[in-house]
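See below for the structure under consideration.
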Amino acid sequence: MAPPAPADTEPVVKADYAQFASTAEFREYLAKLPAKEPLAIWLNLETGERETEGFGTRIASIEVSSKAGEGRAVWMDEKGEALNALAPLLADSKRQKIVHDPKLFQLLTGRAASIRHATQLYSYLLRPTTANHNFADVVMRQFSAMIGGGPGERADYLQRLAPSLEPQVQEQDLDSVYEKIDLPLAPVLAEIERTGVRVDPKELEKMSRSMEKEVRRLEKEIWKLAGSEFNVNSPTQLAEILFDKLNLQPNARRGKAKARSTAADVLEELSAQHPLPAKVIEYREIAKLKSTYVDALPKLIHPETGRLHTSFSQTGTATGRLSSSDPNLQNIPIRTELGREIRAAFVAEKGKILLSADYSQIELRIMAHFSKDPVLVEAFRNGEDIHARTAQEVFGVGPMAQNAEHRRAAKAINFGIIYGLSPFGLAQQLGIEQKEAAKFINAYFMRYRGVKEYLDGILAETRKTGVAKTLFGRIRPIPEINSPQMQLRNFAERTALNSPLQGTAADLIKLAMINIDKRLAKEKFEAKMILQVHDELLFEAPTRERAKLEKLVQEEMEGVHKLAVPIGVEIGAGPNWRDLD
DNA sequence: CTGGAAAGCGCC
DNA sequence: AAAGGGCGCTTTCCAG
């Protein structure tokens with residue numbers, strides 16, 4: 017449905033300010049708008065008239081340009097009284113709201129529910145592998161035009177963008193993902209960002225001091241072992257010490273460029289030859305956690321809310337996952353003991369608890385659903401330990417006869433299957449010969465024939481269509497799948513195998529978030545969703561709501577979509593969010 | 001002083 | 001020759 021071109025006569029100017037109790041409130045709202053970005057435009061479907069909502073910081077007015085490139089800002093009356101004289105709003109049924117960034121719109125106005133076209137999401141769904149979906153970049157790609165700073169011009173392009181992108185979205189059968197998943201998710205994300213997460217800065221400051229001492233101590237030890245002082249944080253300087261001064265020899269021959277790598281797995285090998293590498297591993301763990309979390313997070317606590325407010329990007333990944341930044345709260349430590357101490361500094365308000373809910377083995381379950389592999393499906397239907405089952409299938413050892421090594425290897429194989437494994441990768445992971453790894457992979461595919469057939473089918477399909485697809489139809493273009501360059505092609509093949517799994521998991525948890533958010537509101541919970549970490553949701557709830565919330569979350573996460581296998585959800589509350597696998 | 005690349009590593 | 005998918009942040013190092 018293409019709206020008429022902007023009229024070239026003097027436009028009708030209207031403001032949608034019905035939401036505001038007073039002019040003062042409206043002006044306060046306008047003051048928070050990002051400079052020069054037309055926040056939204058309303059399109060009158062009958063007349064083609066356009067109303068624009070929200071421009072720059074000082075603009076207290078609503079304006080519509082006459083022609084593309086000739087926009088003009090109209091300033092509000094100093095007292096704000098002019099607004100009261102504006103025409104009443106049109107009925108919503110006769111208008112469509114167009115925005116670029118729906119999450120931003122929700123953050124500023126609280127009214128994303130009225131959005132029909134979100135051009136940023138259109139752009140992302142069509143080209144999820146493109147890094148930027150800024151307004152200017154999207155306009156550039158779509159119209160080969162460089163936008164200036166004028167608000168009217170920007171509004172014009174916003175108006176042109178929607179009817180240009182929407183048919184493409186329909187053409188690619190992405191309209192359902194847009195309507196059912198990505199658009200309704202935007203206000204949910206905005207609310208999570210706005211709520212924030214509480215951390216205890218005192219605890220982190222305490223840790224910082226003790227970690228500082230520890231880092232200094234290790235640094236001195238390292239210098240002593242090296243026989244000279246150098247910057248331990250510099251891989252170049254460290255490589256000189258290790259490979260030139262101490263003459264240590266890495267086992268595995270790496271690629272030319274990586275010949276002098278000082279990465280953790282290399283240091284691990286080298287620690288058999290000299291005590292220094294192990295000290296560097298220890299040093300790095302503490303230094304990393306200190307600089308990235310312990311010292312950085314307190315600085316980002318919002319002065320008014322006292323909480324950390326991350327920013328979620330809904331258009332930043334190739335697979336459909338979210339990403340988190342400023343700070344990234346999707347990579348809070350948990351693996352090591354020190355890491356868990358950091359995580360323990362994330363706390364609930366007094367009288368409340370943190371509750372986390374995880375999808376367990378979600379990608380393997382999706383694999384079971386897609387492949388209908390009898391063994392995999394049976395294992396999940398019986399609620400078996402999936403790594404133990406794989407160990408049994410691949411190594412032929414029953415659960416009782418298995419040792420930790422069997423399960424560890426099986427787990428690596430299962431992960432490898434999801435990531436598109438190679439004998440080399442598995443061999444490196446397990447520290448075994450490539451031939452041995454190849455045998456394991458062969459054995460796996462002998463037992464999981466359905467998985468093998470599914471993966472082969474995906475490759476064939478992707479070669480034909482050039483895109484990977486999730487259960488719900490989200491796509492990821494993978495043109496390199498037919499590249500003559502083996503390296504590019506191999507990479508593309510792994511991507512083609514992984515993307516439907518990772519992307520479907522992302523779709524499922526997004527749907528669950530939308531449904532949970534709806535119910536929390538409808539059933540008047542005080543509990544809030546405060547974080548998403550790919551396959552995990554975190555809530556903060558009054559202690560008394562715990563049981564009800566657990567039930568609700570479990571229901572919605574498990575029932576989000578019918579798969580060939582049950583969807584497992586693990587729920588827990590505690591100081592560390594949750595326990596490790 | 002700023003920006004970007006590279007190395008390294010935190011998470012799922 | 002490279003060799004498991006997806007991210008963001010910190011540090012070093014170097015160019016402008």
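Residue numbering for the first sequence follows our numbering, beginning at 17 and increasing consecutively.
The C-beta atom is built at its ideal place from N, Cα and C for all residues, glycine as well.
All of these numbers come straight from a predicted model, not from anything done at the bench.
Exercise. Would you say Tyr309 and Pro349 are within 9 Å of each other, going by their C-beta atoms?
Worked result: In the first sequence, residue 309 corresponds to position 293, counting from 1. In the first sequence, residue 349 corresponds to position 333, counting from 1. Yes, the pair counts as a contact, with Cβ atoms nearer than the cut-off.
Exercise. Along the chain, where does the beta strand (DSSP E) that runs through Val585 open and close?
Worked result: As a working note, residue 585 is residue 569 in the first sequence. Run containing Val585: Val585 to Ala589, per the beta strand (DSSP E) assignment.
For this session: Could you pull the start and end residues of the beta strand (DSSP E) that Ala373 belongs to?
Result: Your numbering for residue 373 matches position 357 in the first sequence. Its beta strand (DSSP E) spans residues Lys368 to Tyr375.
Exercise. Roughly how many angstroms lie between the CA atoms of Arg359 and Asn592, to the nearest whole one?
Worked result: Position 343 of the first sequence, counting from 1, holds the residue named residue 359. Position 576 of the first sequence, counting from 1, holds the residue named residue 592. If I take the Cα positions, the gap works out to 6 Å.
Exercise. How long is the line joining the alpha carbons of Leu565 and Leu370, rounded to whole angstroms?
Worked result: Counting from one through the first sequence, the residue named residue 565 turns up at place 549. Counting from one through the first sequence, the residue named residue 370 turns up at place 354. Each residue's alpha carbon lies about 11 Å from the other.
Exercise. With a cut-off of 8 Å, do at least 3 Cβ pairs link the region 251-270 to the region 387-403?
Worked result: no
Exercise. CA-CA distance, Ile525 and Ile546?
Worked result: Position 509 of the first sequence, counting from 1, holds the residue named residue 525. Position 530 of the first sequence, counting from 1, holds the residue named residue 546. Approximately 14 Å, taken between the alpha carbons.
Problem set entry | Whole runs of the beta strand (DSSP E) within the region 199-229, excluding any shorter than 3 residues | none
Problem set entry | Distance, Ala280 Cα to Thr304 Cα | The residue you call residue 304 lines up with position 288 of the first sequence. The residue you call residue 280 lines up with position 264 of the first sequence. Before going on, a small fix: residue 304 reads as Lys here, not Thr. If you take the alpha carbons of Lys304 and Ala280, they lie about 13 Å apart.
Exercise. Between Pro291 and the rest of its own chain, which residues show a CB-CB distance below 7 Å, the 5 nearest in sequence each way excluded?
Worked result: In the first sequence, counting from the first residue as 1, residue 291 sits at position 275. Contacts found: Leu241.
For this session: Rounded to whole angstroms, what's the CA-CA distance from Pro200 to Leu142? Just pull it up for me.
Result: For the purposes of this step, residue 200 is taken as the residue at position 184 of the first sequence. For the purposes of this step, residue 142 is taken as the residue at position 126 of the first sequence. If I take the Cα positions, the gap works out to 18 Å.
For this session: Pick helix, strand or coil for Phe616, following the three-state DSSP scheme.
Result: The shown model of the chain, from 17 to 597, leaves out residue 616, and the question about it has no answer.
Exercise. What alpha helix (DSSP H) runs, 4 residues minimum, are completely inside the region 307-337?
Worked result: 312-315
Exercise. Can you tell me whether Lys578 is buried or exposed, with buried defined as 16 or more other CB within 10 angstroms of its CB?
Worked result: Translated into the one-based positions of the first sequence, residue 578 becomes position 562. By the neighbour-count rule (16 or more Cβ atoms within 10 Å), Lys578 is not buried but exposed.
Exercise. Where does Lys4 fall in DSSP's three states?
Worked result: For residue 4 there is no data in the structure shown, the boundaries of the chain being 17 and 597.
Exercise. Got a sec, what are the start and stop residues for the alpha helix (DSSP H) Leu286 sits in?
Worked result: Residue mapping note: residue 286 aligns to position 270 of the first sequence, counting from 1. Unbroken alpha helix (DSSP H) run through Leu286: Ala280 to Leu286.
Problem set entry | Reduced DSSP category for Glu79 - H, G, I as helix; E, B as strand; rest coil | Stepping through the first sequence from its first residue, residue 79 is reached at position 63. Confidence is the limiting factor: at Glu79 the pLDDT is only 31, short of 50, which leaves the residue's position unreliable, though a coordinate-based value still follows. Three-state result, Glu79: coil.
For this session: Could you tell me which residues DSSP pairs with Phe362 in its beta bridges?
Result: For the purposes of this step, residue 362 is taken as the residue at position 346 of the first sequence. Per DSSP, the beta bridge partners of Phe362 are Val215.
Exercise. For Ala484, which residues does DSSP report across the bridge?
Worked result: Sequence index remark: in the first sequence, residue 484 carries index 468 (1-based). In DSSP, Ala484 forms a bridge with Arg492.
Exercise. Candidates Ser515, Tyr138, Pro203 and Thr145: which alpha carbon is nearest Ser130's?
Worked result: Against the first sequence, residue 130 aligns to sequence position 114. The residue with the shortest Cα to Cα distance from Ser130 is Pro203.
For this session: Express the C-alpha separation of Leu338 and Ile530 in angstroms, rounding to a whole number.
Result: Walking along the first sequence from the start, residue 530 turns up at place 514. Walking along the first sequence from the start, residue 338 turns up at place 322. The straight-line gap from Cα to Cα measures roughly 14 Å.
For this session: Quick one: grab the DSSP three-state call for Lys388.
Result: Along the first sequence, read from residue 1 onward, the residue named residue 388 stands at position 372. If DSSP states are grouped into helix, strand and coil, Lys388 belongs with coil.
Exercise. What are the uninterrupted segments assigned as beta strand (DSSP E) that are 3 or more residues long and contained completely in the region 117-177, given in chain order?
Worked result: 131-134
Exercise. If you run the structure through DSSP and keep just helix, strand and coil, what is Lys578?
Worked result: The residue given as residue 578 occupies position 562 in the first sequence. Of the three classes helix, strand and coil, the one that applies to Lys578 here is coil, per DSSP.
For this session: Could you pull out every residue in the same chain whose Cβ sits closer than 7 Å to the Cβ of Glu256, ignoring the five residues on either side in sequence?
Result: In the first sequence, residue 256 corresponds to position 240, counting from 1. So no residue of the chain qualifies.
For this session: Return the residue from the list Arg225, Ile382, Asn344 and Leu286 that minimises the CA-CA distance to Ala522.
Result: Position 506 of the first sequence, counted from the first residue, corresponds to residue 522. Among Arg225, Ile382, Asn344 and Leu286, the Cα nearest to that of Ala522 is on Ile382.
For this session: Determine the burial state of Asp108: buried for a count of at least 16 other Cβ atoms within 10 Å of its Cβ, exposed for fewer.
Result: Position 92 of the first sequence, counted from the first residue, corresponds to residue 108. Annotation note: pLDDT 43 at Asp108 (below 50); position unreliable, no value reported.
Exercise. Short check: CB of Gly399 to CB of Gln408, under 9 Å?
Worked result: Looking up residue 399 in the first sequence gives position 383. Looking up residue 408 in the first sequence gives position 392. Contact: no.
Exercise. Among residues of its own chain, excluding the 5 on either side of Ala528, which ones have a beta-carbon nearer than 8 Å to its beta-carbon?
Worked result: As a position in the first sequence, residue 528 is number 512, starting the count at 1. Closer than 8 Å at Cβ, skipping near neighbours: Leu553, Glu572, Met573 and Val576.
For this session: Could you tell me whether any non-hydrogen atom of the ligand COA is closer than 8 Å to the CB of Thr278?
Result: The ligand content of the structure shown is nil, which means the ligand COA is not present either.
Exercise. So, are the CB atoms of Gln112 and Ala171 less than 9 Å apart?
Worked result: As a working mapping, residue 112 is identified with position 96 in the first sequence. As a working mapping, residue 171 is identified with position 155 in the first sequence. No.
Exercise. Hey, would you say Leu220 sits closer than 9 Å to Asp311, going by beta carbons?
Worked result: Sequence index remark: in the first sequence, residue 220 carries index 204 (1-based). Sequence index remark: in the first sequence, residue 311 carries index 295 (1-based). Result yes, Cβ atoms of Leu220 and Asp311 sit closer than 9 Å.
Exercise. So, using beta-carbon positions, are Thr335 and Pro144 closer together than 9 Å?
Worked result: Position 319 of the first sequence, counting from 1, holds the residue named residue 335. Position 128 of the first sequence, counting from 1, holds the residue named residue 144. Going by C-beta atoms, Thr335 is nearer than 9 Å to Pro144.
Exercise. Quick one, are the C-beta atoms of Glu209 and Phe328 less than 9 Å apart?
Worked result: In the first sequence, residue 209 corresponds to position 193, counting from 1. In the first sequence, residue 328 corresponds to position 312, counting from 1. Taking 9 Å as the Cβ cut-off, Glu209 and Phe328 qualify as a contacting pair.
Problem set entry | Residues near Glu586 in its chain [Cβ-Cβ closer than 6 Å; skip 5 each side] | Within the first sequence, numbered from 1, the residue matching residue 586 stands at position 570. Excluding positions up to five away in sequence, the list reads Asp374 and Ser376.
Problem set entry | Classification of Pro50 by the beta-carbon crowding that lies within 10 angstroms, buried from 16 upward | Here residue 50 corresponds to residue number 34 of the first sequence, with the count starting at 1. Its pLDDT being 44, under 50, Pro50 is placed unreliably by the model, and nothing is read from it.
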